[in-house]
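Asker: Have a look at the structure that comes next, please.
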Amino acid sequence: MYALNDPQTLAERVGQLASKSSKRVVIGIAGIPGSGKTTLTAKMCELMNQKGFKTQGISQDGFHYYRQQLYLMKNSREAIERRGAPFTFDAVKFLRLVEKFNDPQYKDTEIMAPSFDHSKKDPIENDVVISPDTKIIFVEGNYLALKDPVWKELGGYFDEIWRLEVSMEEAKERLVERHLTAGICATREEAQRRAEDNDLVNGVYILENSVPATISIS
Numbered sequence: 023m024y025a026l027n028d029p030q031t032l033a034e035r036v037g038q039l040a041s042k043s044s045k046r047v048v049i050g051i052a053g054i055p056g057s058g059k060t061t062l063t064a065k066m067c068e069l070m071n072q073k074g075f076k077t078q079g080i081s082q083d084g085f086h087y088y089r090q091q092l093y094l095m096k097n098s099r100e101a102i103e104r105r106g107a108p109f110t111f112d113a114v115k116f117l118r119l120v121e122k123f124n125d126p127q128y129k130d131t132e133i134m135a136p137s138f139d140h141s142k143k144d145p146i147e148n149d150v151v152i153s154p155d156t157k158i159i160f161v162e163g164n165y166l167a168l169k170d171p172v173w174k175e176l177g178g179y180f181d182e183i184w185r186l187e188v189s190m191e192e193a194k195e196r197l198v199e200r201h202l203t204a205g206i207c208a209t210r211e212e213a214q215r216r217a218e219d220n221d222l223v224n225g226v227y228i229l230e231n232s233v234p235a236t237i238s239i240s
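Heads up: the sequence shown begins at 23 in our numbering, then just goes up one per residue.
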């Protein structure tokens with residue numbers, strides 16, 4: 023078990039992997055909503071770049087289906103209400119990106135990835151650039167270790183999968199604050215309902231349907 027408050031130890035681990043590998047090192051950072059994946063990814067990118075390894079972070083959020091796509095689904099009402107659940111992401115598109123990271127065909131070319139605009143609540147295509155000299159890629163997202171079709175194929179492209187461990191109660195508090203800060207919810211009561219009825223439902227699904235991680239971080 024690794025400690026979240028000791029990122030230097032994690033950085034040493036990744037540095038050793040990168041020093042021994044002739045290919046890119048790809049680390050998946052998984053966990054339930056509100057577990058701290060984005061924060062850890064940003065910190066790890068900072069540390070690895072400081073160590074001299076060109077490093078880039080990629081978020082699963084860039085692979086949300088656009089809201090317009092959700093409206094066109096047969097189960098559109100459920101898709102909109104449950105946005106953030108596995109079926110509201112384009113898992114195939116996500117997998118196709120991850121496949122490119124160590125594909126010789128893309129060794130000398132830039133790889134473009136989407137990000138997510140929280141104000142517009144939709145992805146931004148080609149907003150993240152992975153340059154040919156990028157040595158380490160951190161991929162963060164809720165569903166990186168799922169056993170479900172398509173999602174389960176991601177594991178074959180990661181050198182390691184890290185899972186952040188956090189209690190449901192702590193995750194809920196973080197999610198409530200996030201929804202209020204981002205303007206997703208207008209009141210604390212609304213934010214609590216969203217966390218309970220959507221985010222934490224996804225969290226339970228993740229815990230019950232994921233493969234074991236390489237390491238756990240708490």
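Glycine included, every Cβ here is placed at the ideal spot set by N, Cα and C.
Taking 8 Å as the threshold, find out whether the stretch 170-186 comes into contact with the stretch 32-52 through three or more Cβ pairs.
Answerer: yes
Asker: Quick check on residue 127: buried or exposed, where buried means 16 or more other Cβ atoms within 10 Å of its Cβ?
Answerer: By one-based count along the sequence shown, residue 127 stands at place 105. With fewer than 16 Cβ atoms within 10 Å of its Cβ, residue 127 is classed as exposed.
Asker: Return the chain-ordered list of same chain residues with a C-beta closer than 6 Å to the C-beta of residue 85, the five sequence neighbours on each side being excluded.
Answerer: Working through the sequence shown from its first residue, we reach residue 85 at position 63. Around residue 85: 111, 112, 115, 116.
Asker: Residue 253 to residue 89, Cα distance in whole Å?
Answerer: The requested residue 253 is not part of the displayed model; the chain covers only 23 to 240.
Asker: How many angstroms separate the CA atom of residue 148 from the CA atom of residue 120?
Answerer: Position 126 of the sequence shown holds residue 148. Position 98 of the sequence shown holds residue 120. Going by the C-alpha atoms only, they are around 14 Å apart.
Asker: List the residues that DSSP assigns as beta-bridge partners of residue 236.
Answerer: For this step, residue 236 is matched to residue 214 along the sequence shown. The partner list for residue 236 (beta bridge, DSSP) is empty, contrary to what the question assumes.
Asker: Roughly how many angstroms lie between the CA atoms of residue 77 and residue 101, to the nearest whole one?
Answerer: Taking the first residue of the sequence shown as position 1, residue 77 is located at position 55. Taking the first residue of the sequence shown as position 1, residue 101 is located at position 79. The straight-line gap from Cα to Cα measures roughly 34 Å.
Asker: Please report the straight-line C-alpha distance between residue 82 and residue 59, rounded to a whole angstrom.
Answerer: Sequence index remark: in the sequence shown, residue 82 carries index 60 (1-based). Sequence index remark: in the sequence shown, residue 59 carries index 37 (1-based). C-alpha separation (whole angstroms): 11 Å.
Asker: For the candidate residues 29, 39, 104, 201, whose alpha-carbon lies nearest to that of residue 69?
Answerer: In the sequence shown, counting from the first residue as 1, residue 69 sits at position 47. Considering only alpha carbons, the answer is 29.
Asker: Please give me, in chain order, every unbroken run of the alpha helix (DSSP H) with length at least 4 that falls completely inside the stretch 59-109.
Answerer: Qualifying alpha helix (DSSP H) stretches, in chain order: 59-72, 89-93, 98-103.
Asker: Whole angstroms are fine: how far does the CA of residue 167 sit from the CA of residue 189?
Answerer: Position 167 of the sequence shown, counted from the start, is the residue given in the question as residue 189. Position 145 of the sequence shown, counted from the start, is the residue given in the question as residue 167. Taking the straight line joining both Cα atoms gives about 18 Å.
Asker: Whole alpha helix (DSSP H) runs in the stretch 110-147 with 4 or more residues, listed along the chain?
Answerer: 113-122
Asker: Measuring alpha carbon to alpha carbon, tell me which residue in 179, 206, 155, 226 is nearest residue 71.
Answerer: Position 49 of the sequence shown, counting from 1, holds the residue named residue 71. Looking at the Cα atoms, 155 is the closest of the given residues.
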